Amino acid sequence: MNLRKLPIIITATAITMLAGCGSIESAAQDDCTSIGWQIGSKGYQDCFKARVYERKLDYSNPPGDKPYPSML
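Under my numbering, the first residue of the sequence shown carries the number 882, and numbering increases by one thereafter.
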């Protein structure tokens, strides 16, 4: 393998991996549109708010859980 091409390959791989990462809002939008809600409708707004709330709960710490420094 040509060593000059290695940084290009690594950069392309990193960009591809990061492109798969989305926000909570975009995931909630995908959820609501996938079940048939039209963006802008009242039902979509309710669905979107509920999905964002659910996803934030999924990614948050449990109540009373205190963060602590990593041992690494």
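Idealized CB from N, CA, C, for every residue including glycine. Quantities reported herein were computed from a predicted structural model and do not represent experimental measurements.
Helix, strand or coil for Gly924, going by three-state DSSP, please let me know. Under the three-state reduction of DSSP, Gly924 is assigned to helix.
With a threshold of 7 Å on Cβ separation, who are the neighbours of Ala909 within its own chain once the five nearest residues in sequence on each side are excluded? Taken in chain order, the residues that qualify are Phe929, Arg932, Val933 and Arg936.
Starting from Ser907, trace the alpha helix (DSSP H) both ways and give me its first and last residue. Counting along the chain, the alpha helix (DSSP H) containing Ser907 begins and ends at Ile905 to Ser915.
Do you know offhand how far Asp911's Cα is from Pro943's? One C-alpha to the other measures close to 26 Å.
Pairwise C-alpha distance: Asp946 and Gly917: Between the alpha carbons of Gly917 and Asp946 lies a gap of roughly 37 Å.
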